[in-house]
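First up is the structure itself, then whatever we jot down about it.
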Amino acid sequence: MVIRSVAGALALATLSGCAMTPQQYETTPVLVQSAMGQVTCQLYTLEQVTWDRAINRPAAMSVATADNLCRAEGQRVMQGGTPNYAPTVAAASTAQ
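Per UniProt numbering: the sequence shown = residues 1 to 96.
Written out as structure tokens, the structure reads:
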């Protein structure tokens, strides 16, 4: 009985180290233009769009609408479209 418990705990610990989380697959955010304004999307792996979501949207746009736009953009990119990456800000230097 003890051996089963130890083996089970060891297997669980091993598998928990392999847990897939969306953060492990984040790409550079992309911008999508819509009739209501610009939406910033966080796309993840380029093999699926399940996790793709909006991280910024116009105030008048619902979260569901923005997320659907992002999943559509993920699908477009997955089919070979060129993403419109959001500009990035370089870290400020602290050296003086």
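Cβ coordinates follow ideal geometry from the N, Cα and C atoms, glycine included.
If you follow the beta strand (DSSP E) that residue i is in, where does it begin and where does it stop?
| i | result |
| --- | --- |
| Gly-37 | 37-42 |
| Arg-53 | 53-56 |
| Leu-31 | 30-34 |
Give me the Cβ distance between residue i and residue j, rounded to the nearest whole Å; I'm assuming they're in contact under 8 Å.
| i | j | result |
| --- | --- | --- |
| Leu-46 | Asp-52 | The pair is not a contact, with the Cβ atoms about 10 Å apart (cut-off 8 Å). |
| Tyr-85 | Val-30 | 6 Å |
Which residues in the same chain as residue i place their Cβ atom closer than 6 Å to its Cβ, once the five residues preceding and following it in sequence are excluded?
| i | result |
| --- | --- |
| Val-77 | Pro-83 |
| Thr-28 | Tyr-85 |
Quick check on this structure: which residue in the options has the alpha carbon closest to the alpha carbon of residue i?
| i | options | result |
| --- | --- | --- |
| Gly-37 | Gly-80, Ala-60, Thr-21, Thr-28 | Ala-60 |
| Ala-35 | Thr-65, Gln-79, Gln-23, Arg-71 | Thr-65 |
| Pro-87 | Ile-3, Val-32, Gln-24 | Val-32 |
Who are the Cβ neighbours of residue i in its own chain at under 7 Å, not counting the five residues just before and after it?
| i | result |
| --- | --- |
| Glu-26 | Gln-42, Tyr-44 |
Indicate whether residue i and residue j have their beta-carbon atoms separated by less than 8 Å.
| i | j | result |
| --- | --- | --- |
| Val-89 | Leu-69 | no |
| Ala-63 | Ala-72 | The sequence as given places Val at residue 63; Ala does not occur at that position. Against a cut-off of 8 Å, the Cβ pair of Ala-72 and Val-63 comes out as no contact. |
For the alpha helix (DSSP H) that contains residue i, what are its first and last residues?
| i | result |
| --- | --- |
| Ala-60 | Looking at the DSSP string, Ala-60 is not in any alpha helix (DSSP H), and its letter there is neither H nor E. |
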